[in-house]
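Here the protein sequences come in this chain order: A and B. Per the numbering used here, the first sequence starts with residue 168, numbered consecutively. Per the numbering used here, the second sequence starts with residue -12, numbered consecutively. C-beta atoms are modelled at their ideal positions from N, C-alpha and C, and glycine is treated no differently. Accompanying notes for the structure given below.
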Amino acid sequence: MATTITKTETLVGKRIRRQEDPRLITGTATYVDDIKMPGMHHACILRSPHGAAKIRSINIQPALELPGVAAVFTGKDVEGVGPVPCGASLPGLRVPPHAILAKDRVYFIGHPVAVVVATDRYIAADALDLIEVDYQPLPAVTDPEKALAQGAPAVHPEWPDNVAFTYHQEGGDPDKAFKEAEVVVKQRITSQRLIPTAMETRGVVAEYRGAEKSLTLYSSTQIPHLLRSLVAQMLGLAENHLRVITPEVGGGFGSKLNVYAEEALMGFVAMKIGKPVKWIESRRENFQCTIHGRGHVDYYEVAAKRDGTVLGLRLKLIQDLGAYHQLLTPAIPTLSVLMMPGLYKFRNVTADIVGVFTNCVPTDAYRGAGRPEATHGIERMMDLLAAELKMDPAELRLKNFIGKDEFPYATATGLSYDSGNYAEPLKKALELVDYPKLRQEQKQAKASGRLLGVGISTYGEICAFGPSPATPAGGWESATVKIEPSGKVTVMTGASPHGQGEETTFAQIAADELGVPIDDVIVVHGDTAVVQYGIGTFGSRGTAVGGPAVYYALQELKKKIQKFGEMLLESSDVTLSGGHCVDNKTGKSVSLAQIASASYRAMKLPPNTEPGMVATYFWEPPNFAFPFGAHVVVSEVDRETGHVEIKRYVAVDDCGNIINPLLVDGQVHGGVVQGLGQALYEQAVYDDDGQLITGELTDYAIPKASMVPWIESSHTTTPSPVNPLGVKGVGEAGTIGCSPAVVNSVVDALSHLGVKHIDMPLLPEKLWNLVQQGGQA
Amino acid sequence: MKRKINLKINGKSFTGEVEPRMLLIHYLREVAGFTGPHIGCETSICGACTVALDGRAVKSCTMFAVQADGREVTTIEGLAADGRLHPVQEAFWNEHGLQCGFCTPGMIMTSKQLLERNPQPTEEEIRHGIEGNLCRCTGYQHIVNAVKAAAAKAGA
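The following block contains the structure:
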């Protein structure tokens, strides 16, 4: 029986414009705030203006008296609602109880204190001003190192040392490595707190149908199913009576990979008032109350031989956690530790994390989540080592890379890197910038007083989260593929794309496998009542874990198509090709539509075969995938202003096989620009009282089009052996590769002044001062 | 005290009473039902709410509905004519000038105005021209390509 599948046309690998775009470019997509329901009320949330305070009393009466106000709820009203969940577990982790509304104490600026529900959002906002809260302000602490100092204010009085956890990991024999080292380089390196700033803030619409005891939550989230499981627990609802719908989601970057107080709170409100309710986060709330990212103070030490061979790595990592744990807060720095050796053969490593409570909003996963911090650290350290040894930074990297024949490679941190050829993207990037010539030009430029620098970063990334044992809630992904009776194809993915473009890439995969036009395929996601349980989109896993699930569901379906084809053609020599089953002997064929129709009409069935044409597959990945790449930046610092001009940005990324190069370019560009934001512009600033100084987009500088260079993006291709598509992930790669390349270039530009390290963001003021003071700011 | 206003949105007349404090973006989205323009910041920084007011791109989150009395507003929904996409919309689609799509309606309205004022802009002029519209997904490069492509098509 011939079962070889020949494709008449392939879409995988082609630059195909997106299936999801028509609704987005015409303004007809539906985001949470676009939802309107009969009788819908609006909620506004009163939030703490203090970083730390006791609540002496709350008087909601004046707010209740405002016409149009339906209800006001405070902390004591929601005591029956379960805590905001932390999904991460570490030995000895201190988990402060995290109620959805504060009761007698607030722990950070923006901490929710009361919710007002009114017929109109203007009235709800008016009513907020009428609530009287008597606060007793308390000393706050917002800097994690200060929080660790003796006598610092206690964020949670029950833990006066402000330590939420400590965590140790080591591999090899680091003490021996440092004893035998010919050179040791040390540096304190920070990765500042960042505000993710998805262009769409969070929002929730909740609708409760009392007679059915069923609640529907529309939420701008990356994880509809996990949200359903966890909010059902919080509200004491049967999980199958809660439906979560993620309508269009306007960006997440990890900030919507979470379960937030407001999601349960709106469910609670809808159940109480018996009317639908909508809450839309303002940008100020988004900055104060949606998770932040990064927040590291890292102390690195690298041990090496004089010839540049690296021997050992030590890291003391201080993680600013904020006042609470959100879904993954304490787990994020452990990812930094896993990836601390980067692409190099460090056989001896040791790391100690201390997770610190501060009076700030919690940190959690923001694009890269732990890996940008790790990459920034190791890539800065490699440059510091190169400077110490007076070696070329490219040469030092090439000397220490894991060799292309050493995969799978077991790292000293316990990972198994799946595949790689780390020298190739670096060599390609160096060629693209004509590295030897560039160094000559730099010499001349510096001789004439110009501050021109070249920065290299070579990154590796752990992504495609991930094997289930390594994740708190399952690391698989699911897909259902249905061929409708008319032959049209519906793919339902448990991933929950929100801009990445899987409505297109998954349709490409399905169209290729079945041999149908891409327009015959639709991809459905983000509704727990429609789509089988799934994990979601984060950690560069959408295509790398969701894609194989679709692929395997299609393989199941193809077996069934084959059986029906053989039955209908009365032949055992049948091939599926171009959307038809063809009898190889007679040339007779039946279309997918005829086969699908026959499978549903079921007048006759192949032996041991059910009617219908549906297959579901839950794919468990055997390992993570590890993309890598090299970014090279040429920058110039303006002596007069301290401004950094990026003169060239070359990114050579290897994300395995590429399904849609157009979309991969988009991911790289977007990722790089978020990395650039961290390197040059962005920083969440709290003052000592806990006030968020960067509280609006007027004060927090995400890159504008004019602040961004042209990105020269290209690729090498090293397929992943972990999945049948050979794909890795690419969502976070740009962000991870970017910041060290930029900082390395600027340090290089100022190196002759004795500058060895500069912490991000590289604000003009900082650089101007360094230049003015001859490198001694 | 409500005030009566009368304005045209995407060629259709709207008459009604609004509170003087109602923002134009809320009128467009919640009264008139045009949810294409979005609210991203409420401080005039992000530009997701950009619409054309008498042909000029404005940020409708920092304008009152009463200020649009007697005037004509075009939102993203008013761009495609007879089921045919506007060339700037088509270019954003072809060039992958969007990911999550939230900034896109405003970005397209601004790009359209940019090309009306400067039909063949340089890369620098494009970047400067769309500076009042923030995008967190694309890194802007494909948006620049989209505006260039729309310009090239119009110039061809």
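Identify the residues that DSSP records as bridge partners of residue i: which are they?
{"i": "Thr742 (chain A)", "result": "A:Val749"}
{"i": "Met659 (chain A)", "result": "A:Thr647 and A:Val691"}
{"i": "Ala471 (chain A)", "result": "A:Val350 and A:Val477"}
{"i": "Gln939 (chain A)", "result": "DSSP output for Gln939 (chain A) lists no bridge partner at all."}
{"i": "Ala373 (chain A)", "result": "A:Leu384 and A:Val444"}
{"i": "Tyr198 (chain A)", "result": "A:Glu415"}
{"i": "Val839 (chain A)", "result": "DSSP output for Val839 (chain A) lists no bridge partner at all."}
{"i": "Ile813 (chain A)", "result": "A:Ser802"}
{"i": "Thr517 (chain A)", "result": "A:Glu337 and A:Arg481"}
{"i": "Leu213 (chain A)", "result": "A:Ala281"}
{"i": "Arg16 (chain B)", "result": "For Arg16 (chain B), which the question treats as bridged, DSSP gives no partner whatsoever."}
{"i": "Trp80 (chain B)", "result": "Its beta-bridge partners do not exist; DSSP assigns none."}
{"i": "Pro252 (chain A)", "result": "DSSP, once it has assigned bridges, lists no residue as partnering Pro252 (chain A)."}
{"i": "Arg410 (chain A)", "result": "A:Thr383"}
Let's test the definition: count the other Cβ atoms within 10 Å of the Cβ of residue i and tell me whether it reaches 16, buried, or not, exposed.
{"i": "Met(-12) (chain B)", "result": "exposed"}
{"i": "Asp585 (chain A)", "result": "buried"}
{"i": "Ser0 (chain B)", "result": "exposed"}
{"i": "Asp201 (chain A)", "result": "buried"}
{"i": "Lys649 (chain A)", "result": "buried"}
{"i": "Ile860 (chain A)", "result": "exposed"}
{"i": "Glu429 (chain A)", "result": "buried"}
{"i": "Met968 (chain A)", "result": "Since the first residue of chain A shown is 168 and the last is 944, residue 968 (chain A) is not available in this structure."}
{"i": "Val283 (chain A)", "result": "buried"}
{"i": "Lys221 (chain A)", "result": "exposed"}
Suppose you measure from the CA of residue i to the CA of residue j; what does that come to, to the nearest Å?
{"i": "Ser912 (chain A)", "j": "Ala344 (chain A)", "result": "30 Å"}
{"i": "Ala294 (chain A)", "j": "Gln858 (chain A)", "result": "23 Å"}
{"i": "Asp519 (chain A)", "j": "Gln86 (chain B)", "result": "38 Å"}
{"i": "Pro876 (chain A)", "j": "Pro870 (chain A)", "result": "11 Å"}
{"i": "Ile290 (chain A)", "j": "Leu231 (chain A)", "result": "11 Å"}
{"i": "Asn515 (chain A)", "j": "Glu299 (chain A)", "result": "58 Å"}
{"i": "Ala207 (chain B)", "j": "Ala916 (chain A)", "result": "Because chain B spans -12 through 143 in this model, residue 207 (chain B) falls outside it and cannot be assessed."}
{"i": "Ile447 (chain A)", "j": "Met204 (chain A)", "result": "15 Å"}
{"i": "Leu593 (chain A)", "j": "Glu777 (chain A)", "result": "53 Å"}
{"i": "Trp935 (chain A)", "j": "Gln100 (chain B)", "result": "37 Å"}
{"i": "Ser906 (chain A)", "j": "His798 (chain A)", "result": "10 Å"}
{"i": "Glu415 (chain A)", "j": "Tyr302 (chain A)", "result": "39 Å"}
{"i": "Ile172 (chain A)", "j": "Gly745 (chain A)", "result": "At Ile172 (chain A), the pLDDT of 40 sits below 50, so the modelled position is not reliable; the number obtained from the coordinates is stated separately. When rounded, the distance between both Cα atoms is 9 Å."}
{"i": "Val352 (chain A)", "j": "Gln359 (chain A)", "result": "22 Å"}
{"i": "Val264 (chain A)", "j": "Pro250 (chain A)", "result": "Checking the displayed sequence, the identity of residue 264 (chain A) turns out to be Pro instead of Val. C-alpha separation (whole angstroms): 6 Å."}
{"i": "Thr177 (chain A)", "j": "Ile183 (chain A)", "result": "11 Å"}
{"i": "Cys90 (chain B)", "j": "Asn120 (chain B)", "result": "7 Å"}
{"i": "Gly642 (chain A)", "j": "Glu4 (chain B)", "result": "53 Å"}
{"i": "Glu312 (chain A)", "j": "Ile623 (chain A)", "result": "30 Å"}
{"i": "Ala78 (chain B)", "j": "Ser387 (chain A)", "result": "28 Å"}
{"i": "Gln722 (chain A)", "j": "Val894 (chain A)", "result": "18 Å"}
{"i": "Glu103 (chain B)", "j": "Ala143 (chain B)", "result": "15 Å"}
{"i": "Gly581 (chain A)", "j": "Ile95 (chain B)", "result": "48 Å"}
{"i": "Gln228 (chain A)", "j": "Val236 (chain A)", "result": "11 Å"}
Considering only heavy atoms of the ligand ZN, does any lie closer than 8 Å to the CB of residue i?
{"i": "Met507 (chain A)", "result": "The ligand content of the structure shown is nil, which means the ligand ZN is not present either."}
In the region 417 to 430 of chain A, which residues sit with their C-beta less than 9 Å from some C-beta in chain B, listed in chain order? Gly417, Gly418, Gly419 and Phe420
Report yes or no: do three or more beta-carbon pairs, one from the region 536 to 553 of chain A and one from the region 373 to 381 of chain A, lie closer than 8 Å? no
Listed from N- to C-terminal order along the chain, which residues in the region 49 to 61 of chain B have their beta-carbon within a distance smaller than 7 Å of any beta-carbon of chain A? none
Under 7 Å, CB to CB, which of the residues in the region 447 to 480 of chain A have a partner in chain B? Ser449 and Arg450
Please list the residues of the region 197 to 227 of chain A that have a C-beta atom closer than 8 Å to any C-beta atom in chain B, keeping them in chain order. Thr197, Tyr198, Asp200, Asp201 and Lys203
Give me the subset of the region 846 to 873 of chain A whose CB atoms are less than 9 Å from a CB atom of chain B, sorted by chain position. Glu863, Leu864, Thr865, Ile869, Pro870, Lys871, Ala872 and Ser873
Stretch-stretch touch, CB-based, cutoff 8 Å, three pairs: the region 44 to 60 of chain B with the region 23 to 34 of chain B: yes
In the region 874 to 899 of chain A, which residues sit with their C-beta less than 8 Å from some C-beta in chain B, listed in chain order? Val875, Trp877 and Ile878
For the region 589 to 611 of chain A, list every residue whose C-beta sits within 9 Å of some C-beta in chain B, in sequence order. none
Listed from N- to C-terminal order along the chain, which residues in the region 830 to 842 of chain A have their beta-carbon within a distance smaller than 9 Å of any beta-carbon of chain B? Leu830, Asp832, Gly833, Gln834, Val835, His836, Gly837, Gly838, Val839, Val840 and Gln841
When Cβ atoms are compared, which residues of the region 83 to 106 of chain B fall closer than 7 Å to chain A? His83, Leu85, Gln86, Cys87, Gly88, Phe89, Cys90, Thr91, Pro92 and Ile95
Which residues, in order along the region 24 to 52 of chain B, keep a beta-carbon less than 8 Å from a beta-carbon of chain A? Pro24, His25, Ile26, Gly27, Cys28, Glu29, Thr30, Ile32, Cys33 and Ala35
Under 9 Å, CB to CB, which of the residues in the region 3 to 24 of chain B have a partner in chain A? Glu6, Arg8, Met9, His13, Arg16, Glu17, Gly20, Phe21, Thr22, Gly23 and Pro24
For the region 182 to 193 of chain A, list every residue whose C-beta sits within 9 Å of some C-beta in chain B, in sequence order. Arg182, Arg184, Arg185, Glu187, Asp188, Pro189, Arg190, Leu191, Ile192 and Thr193
Residues in the region 124 to 143 of chain B having any Cβ partner in chain A nearer than 9 Å: Cys124, Thr125, Gly126, Tyr127, Gln128, His129, Ile130 and Val131
Could you list the residues in the region 355 to 389 of chain A with a C-beta less than 9 Å from some C-beta on chain B, going in chain order? Pro363, Thr364, Ala365, Met366, Glu367 and Thr368
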